[in-house]
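Sequential numbering from 2 applies to the sequence shown in the working numbering. From the three backbone atoms N, C-alpha and C, an ideal C-beta is built for every residue, glycine too.
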Amino acid sequence: MKQTTAVLLARRPGRSFVASDLSIGTIDLPELQAEQLLVRNQYMSLDPSTRGRMDPGEKQYTTNFDIGGPLDGSAIGVVEQSTSAAFPVGTTVRHRMGWREYAVLDAATATACDLTKAPAQSWLASMGQTGFTAYCGLLPVGGFAAGQTVLVTGAGGAVGSMAGQFARILGAERVIGSAGGAEKCAWLLDDCGFDAVINYRDADFGSELPALAPQGLDLFFDNVGGWQLAHGLNNMKIHGTIAMCGAVSNFGTQEQPSTAVLIETVLRRVTIKGFIVRDFEHLRPEFEANVASWLASGQLIDRATVFEGIANAPSGLEGLLNGVNLGKALVRLSD
Ligand SMILES: NC(=O)c1ccc[n+]([C@@H]2O[C@H](COP(=O)([O-])OP(=O)(O)OC[C@H]3O[C@@H](n4cnc5c(N)ncnc54)[C@H](OP(=O)(O)O)[C@@H]3O)[C@@H](O)[C@H]2O)c1
Numbered sequence: 002m003k004q005t006t007a008v009l010l011a012r013r014p015g016r017s018f019v020a021s022d023l024s025i026g027t028i029d030l031p032e033l034q035a036e037q038l039l040v041r042n043q044y045m046s047l048d049p050s051t052r053g054r055m056d057p058g059e060k061q062y063t064t065n066f067d068i069g070g071p072l073d074g075s076a077i078g079v080v081e082q083s084t085s086a087a088f089p090v091g092t093t094v095r096h097r098m099g100w101r102e103y104a105v106l107d108a109a110t111a112t113a114c115d116l117t118k119a120p121a122q123s124w125l126a127s128m129g130q131t132g133f134t135a136y137c138g139l140l141p142v143g144g145f146a147a148g149q150t151v152l153v154t155g156a157g158g159a160v161g162s163m164a165g166q167f168a169r170i171l172g173a174e175r176v177i178g179s180a181g182g183a184e185k186c187a188w189l190l191d192d193c194g195f196d197a198v199i200n201y202r203d204a205d206f207g208s209e210l211p212a213l214a215p216q217g218l219d220l221f222f223d224n225v226g227g228w229q230l231a232h233g234l235n236n237m238k239i240h241g242t243i244a245m246c247g248a249v250s251n252f253g254t255q256e257q258p259s260t261a262v263l264i265e266t267v268l269r270r271v272t273i274k275g276f277i278v279r280d281f282e283h284l285r286p287e288f289e290a291n292v293a294s295w296l297a298s299g300q301l302i303d304r305a306t307v308f309e310g311i312a313n314a315p316s317g318l319e320g321l322l323n324g325v326n327l328g329k330a331l332v333r334l335s336d
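Following this line, the structure appears as structure tokens:
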């Protein structure tokens, strides 16, 4: 029996996650059965949802982690052993067995990635679940149309930076973002084509937003929840749409607004649509074709903050939850 280095859940986090809630250990790698792959992971994705999966209650859409057990999540790597004709040795595959250096997985759970279309990092970012989440939230969920005014919260992160750029490429009238910190705001304005950005750590989001969208918002792509959701709701146009992607502020310690703010959905006849990206797999080919062409033409910027080595994955996740990443957060596990 071989073993691999992996990240384990040491204890369930308190209100704020800290890196020491995780530990580095070893797990067994089983012998390959029929239609299985041994993959050497090269990059793994850091995602806010990993924090939610450390809580005891089962979520509706995914499984939670056991104390002492390994974490998992999106990763990309190279097939080193294979019992599947569909995935010869040397194939680059994306799969769900991240948070470990090597993984044994069923071939049916792997997807081959064409590195001539995009580099490995992008298959976890713009061409991966991150970009797909932004695409689905904007188009089938948000019903985006050219000429609209769009607000994206958490705009300096992985999904937000994609959602804002997709809206710009697809002909938004105005793309407004919120992000924490001057560097993120400058990147969104100078490189990503946002028209305006609110640095919510310095500025009063609620008082700045009306001046940036005097006619109101057609579409609000919300990653953050909490007070940013409440302020966005207060600035919607009549019959506007809010695509609810996530609520990363729930993982912090800040005070949250009361549900009394929801009266604005009545007064403004706003539609709020929550979504889970996995319900839109039928759009994957269209999404990949569009994003590959936007990357190739240079219209789309796919930037990542990369943490080096599995030992830095726990502190990388702590950093992600504190907003240190510009664009997608990844951990490099091997060359
Ligand atoms: N619905 C789906 O199917 C689906 C799929 C994937 C992801 N998601 C959700 O999408 C959201 C974004 O994910 P991501 O991968 O883009 O994560 P990310 O890269 O960490 O981006 C999230 C951004 O939120 C900001 N943020 C963190 N805490 C905040 C707080 N308390 N108040 C305001 N902003 C805060 C962070 O930076 P700053 O604070 O510096 O701005 C960060 O840039 C998450 O809520 C995630 O759960 C949903």
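Residues bridged to residue i by DSSP?
i: residue 96; result: 76
i: residue 309; result: 333
i: residue 4; result: 29
i: residue 71; result: 9
i: residue 107; result: 37
i: residue 113; result: 94
i: residue 328; result: 158
Helix, strand or coil for residue i? Go by DSSP, reduced to three states.
i: residue 145; result: coil
i: residue 254; result: coil
i: residue 29; result: strand
i: residue 34; result: coil
i: residue 300; result: coil
i: residue 180; result: strand
i: residue 40; result: strand
i: residue 151; result: strand
i: residue 85; result: coil
i: residue 169; result: helix
i: residue 175; result: strand
i: residue 58; result: coil
i: residue 21; result: helix
i: residue 279; result: helix
i: residue 269; result: coil
i: residue 101; result: strand
i: residue 187; result: helix
i: residue 260; result: helix
i: residue 53; result: helix
i: residue 291; result: helix
i: residue 127; result: coil
i: residue 120; result: coil
Report yes if the CB atom of residue i is closer than 7 Å to the CB atom of residue j, and no otherwise.
i: residue 159; j: residue 329; result: yes
i: residue 210; j: residue 232; result: yes
i: residue 139; j: residue 145; result: yes
i: residue 225; j: residue 196; result: no
i: residue 110; j: residue 96; result: yes
i: residue 105; j: residue 37; result: yes
i: residue 127; j: residue 154; result: no
i: residue 94; j: residue 113; result: yes
How is the beta strand (DSSP E) around residue i delimited, first residue to last?
i: residue 221; result: 218 to 223
i: residue 198; result: 197 to 200
Going by C-alpha distance, which of the options is nearest residue i?
i: residue 116; options: 109, 124 and 110; result: 124
i: residue 337; options: 27, 143, 172 and 77; result: Given that the chain is displayed from residue 2 to residue 336, the structure contains no residue 337 and the question cannot be resolved.
i: residue 306; options: 324, 101, 80 and 230; result: 324
i: residue 29; options: 48, 7, 23 and 12; result: 7
i: residue 342; options: 37, 74 and 38; result: Residue coverage of the chain in this structure runs from 2 to 336, which leaves residue 342 outside it and unanswerable.
i: residue 88; options: 3, 39, 97 and 120; result: 39
i: residue 318; options: 12, 23 and 3; result: 23
i: residue 21; options: 331, 312 and 207; result: 312
i: residue 279; options: 129, 254, 293 and 267; result: 129
i: residue 63; options: 251, 51 and 13; result: 51
i: residue 65; options: 35, 92 and 9; result: 9
i: residue 47; options: 26, 99 and 236; result: 99
i: residue 167; options: 184, 68 and 189; result: 189
i: residue 222; options: 76, 282 and 165; result: 165
i: residue 237; options: 151, 31 and 308; result: 151
Could you check where the alpha helix (DSSP H) with residue i kicks off and where it finishes?
i: residue 237; result: That residue, residue 237, is in no alpha helix (DSSP H); its beta strand (DSSP E) goes 237 to 245.
i: residue 47; result: Segment: none, residue 47 is in no alpha helix (DSSP H) and carries neither H nor E.
i: residue 273; result: Looking at the DSSP string, residue 273 is not in any alpha helix (DSSP H); the run it does join, the beta strand (DSSP E), is 272 to 275.
i: residue 234; result: 227 to 234
i: residue 211; result: 206 to 213
i: residue 314; result: 314 to 322
i: residue 130; result: 130 to 137
Would you check whether ligand 3 has a heavy atom nearer than 6 Å to the C-beta of residue i?
i: residue 177; result: Of the ligands this structure carries, namely ligand 1, none is ligand 3.
So, does the CB of residue i fall closer than 7 Å to a CB anywhere in chain D?
i: residue 90; result: In the displayed structure, chain D is absent; only one protein chain is listed.
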